[in-house]
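All you need for our numbering is the position in the sequence shown, starting with 1, plus 74.
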Amino acid sequence: MELASKYDPKEVESKWYEYWLNNKLFSSKPDNREPYTVVIPPPNVTGVLHMGHMLNNTIQDILVRRARMEGKNACWVPGTDHASIATEAKVVNKLAEQGIKKSDLSREEFLEHAWDWTHEHGGIILKQLRKLGCSCDWDRTAFTMDEIRSKSVIKVFVDLYNKGLIYRGVRMVNWDPQAQTALSDEEVIYKDEHSKLYYLKYYVCPEDQASVARQDEGNVMHQDDKGYYAVVATTRPETIMGDTAMCINPEDVKNTWLHGKRVIVPLVNRTIPVIEDTYVDIEFGTGCLKVTPAHDINDHALGLKHGLQTIDIFNDNGTISEAAGIYIGQDRMDVRNLIAKDLQSSGLMEQIEDYDNKVGFSERTKVPIEPKLSTQWFLKMQHFADIALAPVMDDDIEFYPKKYKNTYRHWLENIKDWCISRQLWWGHRIPAYYFEDENGKRDCVVAESVEQALAEAQKKNPSLQAADLEQESDCLDTWFSSWLWPISVFDGVNNPDNEEIKYYYPTSDLITGPDIIFFWVARMIMAGYEYRDTLPFKHVYFTGIVRDKLGRKMSKSLGNSPDPLMLIEKFGADGVRMGMMLSAPAGNDILFDESLCEQGRNFNNKIWNAFRLVQGWETADLAQPTENKLAVSWFAAKLREVNADINEQFKGYRISEALMTVYRLFWDEFSSWYLEMIKPEYGNPIDQVTYDATLGFFDELLRMLHPFMPFITEELWQHIYNRKDGESIMKATLNINAPTTEDHKLCDVIEKVKQVISGVRMVRNQKNITQKEPLELQVIGGNNLEAYNSIITKMANLRSINVVTEKTGDASAFMVGTDEFAVPVGNLIDVEAEIAKQEKELQHLEGFLAGIKKKLSNDNFVAHAPEAVVARERKKQSDSEEKIAALRESLASLKKK
């Protein structure tokens, strides 16, 4: 069947994706083949496709498709994440648009709305991935809150609690005032901010004023008409309402006058003690530290050590609480500006200066977090760090690139307990149940179901009924389900000995971003060793961040992120896939430019047109010409060489290199050289042997390209032979035969042949000799490439190749290695055109030389420029003078003709 004159991605892509689905070509079932398993990093259920997804899933699909063609049983498991914070926020916003507050609903009513939202939006991103060509086993689609995954999460929570690894307690946590939930340390993003440093006056209390006296020269005492005061530098004046002490370093000479004193909190007028601790940095600010135990992790530690009162001045939504006494109900950020003005107007501000510091922001809602004392559930992490460090350090699990091993090691060696509870309704509800024991004391049991919880609780109070149990209102951190993903997608928690988990686990490759190395990668490794006693995957490929061509991270706010679906519409999925991969080495950021996708589309057209060229040749029962036989032998050897290179590149996860290798093979070697070597003269047929070999080469090239460009390769592969329904290039095997010594020798020789042909073409270009004019090629001394004369003659359009002892006077010579070749040009040159060309070049060189001479005649330049720079300019002068002399001689000779 004839191909259309132009490649139309829209028609081809929809047709073949439906064909793959209908023939269950993505499906995987355990069998006797080697498994190749990939689990998708589950995107948020409410999300839509962005450029990061495009990159990540393109890489996964490349690896999965190649594994299939290597004969492995490839299983790519798709799924989505319930994304507690993000999804709940979207549902709350939607309800607000309808005039409904979350607080007006019961938990059950709110969850109905959340499930409605999920059902409406949950499949969007997975459907978009189909447009990209992703070959996931869609029948295996999992969701972190579906029945199997939910049951797995609860089972693991109960198990870890019973092992003593989960506990509940009051701790300082990172609080997100917008989402109104605790966050783990890994969910806080620290950013550099231009802030202010406020210097506040803390007056010594009246009863201590009289005893203040200069003790020695080192004291730095502040005094005004109101008395003596200490100065505290802070970036957060809005927290002074929670101050319960001032702290100085006992070794700080300048502040010895404050020993044993009490001071007054500005505006609040609360009297607080001055405590002493070496924790205080003598060099920072004035050496006096305000201590707010409820709102700073380090202050909290000081408070515990020194038995200080704790005053929580913030409500959960970031407004000021009644405990503060002033500014009640106002937003914390508004209060920062207001309190600064009030302190100044009250004479309690010493000074304000600019200050750069790091501020923690919620990774989800992007608002500044608040350190907050809160009762939460925690997972002890040291046990998991101990079992998860060695496998990565010893390369049982290999990271690509290796540099992320150090990042991983640093985190595990400085591990903190994981705050796993979230003050949300959307998510896995913590399976803890509260009740009163026989003595009326509040107690708690943890169990997988209400029935099991009741049975446990009745051991402490036999009179209890199910209605007496109150389940914990908090949900689990979303990552508490994601860390089980490689196990739970095969139901390995609930049914640890099932056929699928034993066959598919451990998985093969994980493709992810380095930004979730702690959230997800490390924790999956921990869960793998805890629940399967082995690694969850063998290799981790870290992608870079997709940035625009100016190097900026793509974001909605900057408006610099293209719509992936629009790119696919414009360039085709294969073009976009190639554009993404052209500059995507592991771990390196990608500077994305639409021109890369255009390059991908152009490559599609190149493949299409090359196939149409071959398809258009007529065949005949002819003897195979020598040049065709040589060309076929060479390209077969070249394929084996390149296939071996690509195989090594894939082993090292150098996927972009592999793409460029096959790109150059098709564009340069196959299209520019091989097809030209065998192409019959216009109107003439080609011999059947060469034609069949060429179709075979095309078949193999399409297989090599298929993982990168699945749609066009399927379309053309189906055209090569009469394929049966259900057949697909996806099931075709890759020919990875090792090249022989003879292959390497032949390829080396053909490289020299190509250089000779290029040399002749260069002479034509330099001398303005038309390509149609047959030339003579002189080989000086002896012809080492005589066996390939037929190829050289055809490709360079020669009338003869002659061995001579020396070139004739009018011949243009060139070297290939140590061999010299020459092309007699004599009467073939268009003298007038050549004179015009050389005169233009002479004019350019004379102008260039004048500029260099002017620079060298400048004594100041010669005296002060580095010696190497001056030497380089003098070399340019001598080179230019030589070229000018040669051109003048050549022009004189031409003008005599």
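A virtual CB, placed ideally from N, CA and C, is assigned to each residue, including glycine.
Between the beta-carbon of residue i and the beta-carbon of residue j, is there less than 8 Å?
| i | j | result |
| --- | --- | --- |
| residue 207 | residue 81 | no |
| residue 239 | residue 453 | yes |
| residue 152 | residue 577 | no |
| residue 729 | residue 199 | no |
| residue 346 | residue 339 | yes |
| residue 485 | residue 592 | yes |
| residue 284 | residue 497 | no |
| residue 314 | residue 342 | yes |
| residue 531 | residue 505 | no |
| residue 837 | residue 862 | no |
| residue 261 | residue 437 | yes |
| residue 364 | residue 317 | yes |
| residue 886 | residue 700 | no |
| residue 112 | residue 581 | yes |
| residue 567 | residue 230 | yes |
| residue 869 | residue 789 | no |
| residue 391 | residue 202 | no |
Start and end of the alpha helix (DSSP H) containing residue i?
| i | result |
| --- | --- |
| residue 779 | 762 to 779 |
| residue 813 | Per DSSP, residue 813 belongs to no alpha helix (DSSP H) and is neither H nor E. |
| residue 511 | Note, residue 511: premise wrong, no alpha helix (DSSP H); not H, not E. |
| residue 124 | That residue, residue 124, is in no alpha helix (DSSP H); it is neither H nor E in DSSP. |
| residue 502 | It is not in any alpha helix (DSSP H) - residue 502 carries neither H nor E in the DSSP assignment. |
| residue 203 | 198 to 206 |
| residue 714 | 700 to 725 |
| residue 479 | 478 to 487 |
| residue 696 | No alpha helix (DSSP H) holds residue 696; DSSP gives it neither H nor E. |
| residue 236 | 221 to 236 |
In this structure, what does DSSP give as the bridge partners for residue i?
| i | result |
| --- | --- |
| residue 898 | 885 |
| residue 246 | 447 |
| residue 241 | 452 |
| residue 872 | 849 |
| residue 263 | 435 |
| residue 148 | 110 |
| residue 492 | 453 |
| residue 569 | In DSSP, residue 569 forms no bridge with anything. |
| residue 270 | 428 |
| residue 839 | According to DSSP, which records beta bridges pairwise, residue 839 is partnered with nothing at all. |
| residue 118 | 155 |
| residue 276 | 304 |
Taking the beta strand (DSSP E) that residue i falls in, what are its first and last residues?
| i | result |
| --- | --- |
| residue 435 | 423 to 436 |
| residue 156 | That residue, residue 156, is in no beta strand (DSSP E); it is neither H nor E in DSSP. |
| residue 113 | 109 to 113 |
| residue 612 | 611 to 616 |
| residue 518 | 516 to 520 |
| residue 539 | Here residue 539 belongs to no beta strand (DSSP E), and DSSP marks it neither H nor E. |
| residue 256 | 255 to 257 |
| residue 398 | Where residue 398 is concerned, there is no enclosing beta strand (DSSP E), given that its DSSP letter is neither H nor E. |
| residue 474 | 472 to 474 |
| residue 795 | Neither: residue 795 is in no beta strand (DSSP E) and is coded neither H nor E. |
| residue 305 | 301 to 308 |
| residue 296 | 296 to 298 |
| residue 621 | 620 to 622 |
Okay, do the region 115 to 130 and the region 616 to 635 touch, 3+ Cβ pairs below 8 Å being the bar?
-> yes
Do the region 293 to 305 and the region 274 to 284 touch if we need at least three Cβ pairs shorter than 8 Å?
-> yes
In chain order, which alpha helix (DSSP H) runs of at least 4 residues are fully inside the region 320 to 387?
-> 371 to 380
With contact counted as at least three CB pairs below 8 Å, one residue from each stretch, are the region 801 to 815 and the region 135 to 146 in contact?
-> yes
Where are the alpha helix (DSSP H) runs, 4 residues long or more, that stay fully inside the region 580 to 607, in chain order?
-> 597 to 605
Counting pairs of Cβ atoms below 8 Å between the region 725 to 744 and the region 895 to 906, do you hit three or more?
-> no
Contact between the region 682 to 698 and the region 664 to 673 (3+ Cβ pairs under 8 Å) | no
Would you be able to state if there are at least three C-beta pairs under 8 Å between the region 393 to 411 and the region 321 to 340?
-> no
At which residue ranges does the region 628 to 679 contain complete beta strand (DSSP E) runs of 3 or more residues, listed in the order of the chain?
-> 664 to 666
Curious, which full-length alpha helix (DSSP H) runs of at least 4 residues does the region 915 to 966 contain?
-> 933 to 938
Segment contact, 8 Å Cβ cut-off, at least three pairs: the region 463 to 479 with the region 594 to 613 = yes
Counting Cβ pairs closer than 8 Å, one from the region 589 to 604 and one from the region 457 to 468, do we hit at least three?
-> yes
Taking contact to mean at least 3 C-beta pairs separated by less than 8 Å, is the region 648 to 657 in contact with the region 750 to 766?
-> no
State whether the region 213 to 223 contacts the region 548 to 567, with contact taken as three or more CB pairs (one from each stretch) at a distance under 8 Å.
-> yes
Does the region 702 to 709 come close enough to the region 673 to 682 to have 3 or more Cβ pairs within less than 8 Å?
-> no
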